[in-house]
Amino acid sequence: MSRFSANIDGLALWSPTLPGWTVARSALRGEAAPADPPLPIPPPSQLPPAERRRAPQTVALALAAAHEAVAACGHDPAQLLAVFASAHGDLPVIDELCRTLVHTPTLVSPTRFLHSIHNAPAGFWSMLTRNGQSNTAVSGAAHSFAHGLLEALVQCQAEQRPVLYVAYDTAAVGALTNTTRSQGALAVALVLAPQAGPARTARLDWQLRPGATEAPAARSPAAQALGRNAMAPALPLFEALAAAQPARLVWPLSAHQSLDLLIAL
């Protein structure tokens, strides 16, 4: 199969124990401990105060990673294509809506309903950055990170334009814990570009492979501590980027196809 390439011009990782790429890189290398106590997810500072208070966890989490990655690369955020991926969307808001429908259905909030929509973080990103470019919201259950990454890589290759990729998930709450196992909060972001920019971190050489495979496993204690989050499959990639060493990673996309990635410096 053909192999294609994309450059990483910016990246970010945010969780309450790894709040930002500087902290995360040191922890993933084993050079520093994760934040203790964990930090709260920062509210989106770009929003007006009233909207900032109402912003759900997924929006705050995704925007924290998105803004850090874009700030690191120097690209104009208004010109970036964007792909947002989440396995479950905003589980706390969905739980709140379901409980309201059961107990007081006439009090369902239209605002909270809008927050529950899977592409809410992508919509907030577009409005805050005045980005009129196309964006895509992806969900692929346990394979959500790999499917979102593939979508971003394909757009970068096909359009020959930089693409922001943001992947995020939060914890299940309430009755949803009986069906959904995601715990904690984790967001990662990459700015992928067809040509290397001045802030280039690495090159990703990728191809599709037939057949199934096992997802790569996190190795560092800092990453393993986040292993129950639905976006944990992203962590081996960020461990490799933190180590600044060439690596090969393969993620399952389905029972019949895999995404094969070579990380070159």
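Going from the sequence shown to the working numbering is simple: count from 1 and add 161. All C-beta atoms in this analysis are idealised placements derived from N, C-alpha and C, irrespective of residue type, glycine included. Here the structure is a predicted model, which means the values were calculated and not measured.
query: Alpha-carbon to alpha-carbon, residue 353 and residue 234; result: 10 Å
query: Neighbour-count burial assignment, residue 512, 16 or more Cβ in a 10 Å radius; result: The chain is shown only over 162 to 426; residue 512 falls outside these bounds and no answer can be derived.
query: Segment contact, 8 Å Cβ cut-off, at least three pairs: the segment 303 to 317 with the segment 258 to 271; result: no
query: Whole alpha helix (DSSP H) elements within the segment 207 to 240, 4-residue minimum; result: 210 to 215, 218 to 234
query: CA-to-CA distance, residue 304 to residue 394, given in whole angstroms; result: 8 Å
query: Separation of residue 229 from residue 181, as counted between CA atoms; result: 8 Å
query: Under 7 Å between C-beta atoms of residue 223 and residue 348; result: yes
query: Residue interval of the beta strand (DSSP E) (run including residue 297); result: 296 to 299
query: DSSP beta-bridge partners of residue 372; result: Per DSSP, none; premise fails for residue 372.
query: Residue range of the unbroken alpha helix (DSSP H) whose run includes residue 255; result: 252 to 264
query: Option nearest residue 331 by Cα separation, candidates 422, 403, 392; result: 392
query: For residue 416, the nearest candidate out of 371, 248, 217 (CA to CA); result: 371
query: Where the beta strand (DSSP E) containing residue 172 begins and where it ends; result: 165 to 175
query: Proximity of residue 319 and residue 298 at Cβ, strictly below 7 Å; result: no
query: Euclidean distance between Cα positions of residue 399 and residue 360; result: 17 Å
query: Proximity of residue 217 and residue 254 at Cβ, strictly below 7 Å; result: yes
query: Beta-carbon contacts of residue 274 that lie in its chain and below 8 Å, excluding the five residues immediately before and after; result: 258
query: Exposure label - residue 197; buried when at least 16 CB within 10 Å; result: exposed
query: For residue 414, the three-state DSSP class (helix, strand or coil); result: coil
query: Among 369, 382, 389, the one whose alpha carbon lies nearest that of residue 410; result: 369
query: Span of the alpha helix (DSSP H), counted from its first residue to its last, around residue 307; result: 305 to 320
query: Whole-Å CB distance - residue 403 paired with residue 426, under 8 Å assumed; result: Contact flag wrong, Cβ pair sits at about 12 Å.
query: Residue 345 classed as buried or exposed, judged by whether at least 16 other C-beta atoms fall within 10 angstroms; result: buried
query: Span separating the alpha-carbon of residue 226 from that of residue 173; result: 5 Å
query: Span separating the alpha-carbon of residue 427 from that of residue 194; result: Outside the displayed range of the chain (162 to 426) lies residue 427, so it cannot be described from this structure.
query: Contact with chain D by residue 244, beta-carbon distance below 7 Å; result: Absent from the structure: chain D. Only one protein chain is present.
query: Closest Cα partner of residue 293 within the set 412, 343, 240, 324; result: 240
query: Inter-residue Cα distance where the pair is residue 397 and residue 268; result: 43 Å
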